[in-house]
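As structure tokens, the structure follows; a few thoughts come after it.
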Amino acid sequence: MKLPPVLENAHAQIVPALRSAFGALSPELRAVVDYHMGWRDAKGRPVEKQSSKGVRPTLALLATAAAGHAPDASAVPGAVAVEALHNCAFLLDDVMDGDRHRRQRETAWVVFGKGMSTLAGTALFVLGNATLLRSDSPHRHEAVGLYDDTFATMLAGQALDLEMEGASEVSVERCVRMTEWKTASLMRCAVTMGAVLAGAPAQVLEQLRVYGESLGVAFQARDDLLGIWGAPHETGGRPPGFDLKARKATLPVAFALEERSAAADQLREFLLRPGPGDAEVARATELVEKGGGRERTAELASSKVTAALTALDSLDLAEDIRRGFAEIAAMGRPDH
1 MKLPPVLENA HAQIVPALRS AFGALSPELR AVVDYHMGWR DAKGRPVEKQ SSKGVRPTLA
61 LLATAAAGHA PDASAVPGAV AVEALHNCAF LLDDVMDGDR HRRQRETAWV VFGKGMSTLA
121 GTALFVLGNA TLLRSDSPHR HEAVGLYDDT FATMLAGQAL DLEMEGASEV SVERCVRMTE
181 WKTASLMRCA VTMGAVLAGA PAQVLEQLRV YGESLGVAFQ ARDDLLGIWG APHETGGRPP
241 GFDLKARKAT LPVAFALEER SAAADQLREF LLRPGPGDAE VARATELVEK GGGRERTAEL
301 ASSKVTAALT ALDSLDLAED IRRGFAEIAA MGRPDH
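All the letters of the sequence shown, read from the start, carry residue numbers 1 to 336 under the UniProt record's numbering.
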């Protein structure tokens, strides 16, 4: 998938900063992180392909500009911190969920083991914290508070996600709450971090929070659609129906269960059976679509993208900054 211009342009500033910051890790942990980031292969050889889109650090840079400051070197600590937290979550989630593929390759725990991946994820969290504390911004302690609060919320979301796995009854409300805690909280952190470090006024911060929260739900809704109907090249190598095979309580499933129909009853029976085969997954996919799960999740994603963009209407943004926010928001649309 071709990246929008705003992400392509930001890579030149973000990637060197990430490589430099992550390079401070011990050699053993750096090997895990470099592999996870797509910078090296399993044998430690350099890889030129850029695997991370860089959405969240780019949002941190845009937010700095939205606060009236140039997205220069002073904005980099916030960008590095949110990307460290994002990949900390990936490393830990992959271990807990047992996911074996991400970004078109085996996950880090498959290559290096669960213990090393857990340590690497934890190290990235600490590194992000330290990066913010070393920032020259007079608002760095406020930024650290935002960072730590976000991680606490993400942990609560992951706990809720694990609790709902394999459950035959999952409400839409509970699933949306999990999405807000686990995914939207990080997007909100990313889009406000740069503004916090820049000392943005409360009104700017509030509108950016709404943008981030709305966009985070949209991104997760789109990911949930891909987790059932996405092709391997769209899902980092995962096959269609991956989330159903893992019996994950995603938004399409929650919407379909809400219908209280014969199809919903069959879907509940499927969710109670461990280790479903390919034929059962294919049938469950049909049941979710028949129950309106696909359509309603797509509608949710679209509405949240609209809400994100509307939140920026009252902000006095330069045209290129507004366009950058819009390009990233478009990535949350179900047809992107």
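All residues carry an ideal CB built from backbone N, CA and C; glycine is no exception. Since the structure is predicted, the reported quantities are computational estimates derived from the model, not experimental observations.
Contact check for residue 302 against residue 323 fails: the beta carbons are separated by 8 Å or more. Here residue 328 really is in contact with residue 55; their C-beta atoms are around 6 Å apart, less than 8 Å. Here residue 145 is not near residue 184, since their CB atoms are 8 Å or more apart. Considering only 277, 293 and 112, the residue with the shortest C-alpha distance to residue 42 is 112. Pairing residue 29 with residue 123 gives a Cβ-Cβ distance under 8 Å. Linking residue 199 to residue 98 through their CA atoms gives a straight-line distance of about 41 Å. At least 8 Å separates the beta-carbon of residue 191 from that of residue 157. Here the C-alpha atom of residue 60 lies approximately 12 Å from the C-alpha atom of residue 143. At a Cβ-Cβ threshold of 8 Å, residue 101 and residue 277 do not count as neighbours. If you check the CB distance, residue 172 and residue 249 do not come in under 8 Å. When DSSP reads this structure, residue 28 sits in no beta bridge, so it has no partner.
Remark: C-beta atoms of residue 31 and residue 44 approach each other more closely than 8 Å. For the set 13, 297 and 133, the Cα lying nearest the Cα of residue 221 is the one of 297. When DSSP reads this structure, residue 101 sits in a beta bridge with 106.
With a threshold of 16 other beta carbon atoms within 10 Å, residue 162 falls short and is exposed. Sixteen is the threshold: when 16 or more other Cβ atoms of the shown chains lie within 10 Å of the Cβ of residue 188, as they do, the residue is buried. If you draw a straight line from the Cα of residue 89 to the Cα of residue 121, it is about 7 Å long. Here DSSP, grouped into helix, strand and coil, assigns residue 240 to coil. Under the DSSP definition of a beta bridge, residue 274 lacks any partner. Annotation: residue 233 is outside any alpha helix (DSSP H) and is labelled neither H nor E by DSSP. Counting the other Cβ atoms within 10 Å of the Cβ of residue 76 gives 16 or more, which makes it buried. Note that the C-beta distance between residue 273 and residue 257 is not below 8 Å.
Judged by DSSP in its simplified three-state form, residue 45 adopts coil rather than helix or strand. Following the DSSP letters along the chain, one finds residue 252 inside the alpha helix (DSSP H) bounded by residues 251-257.
Rounded to whole angstroms, the gap between the alpha carbons of residue 265 and residue 231 is 27 Å.
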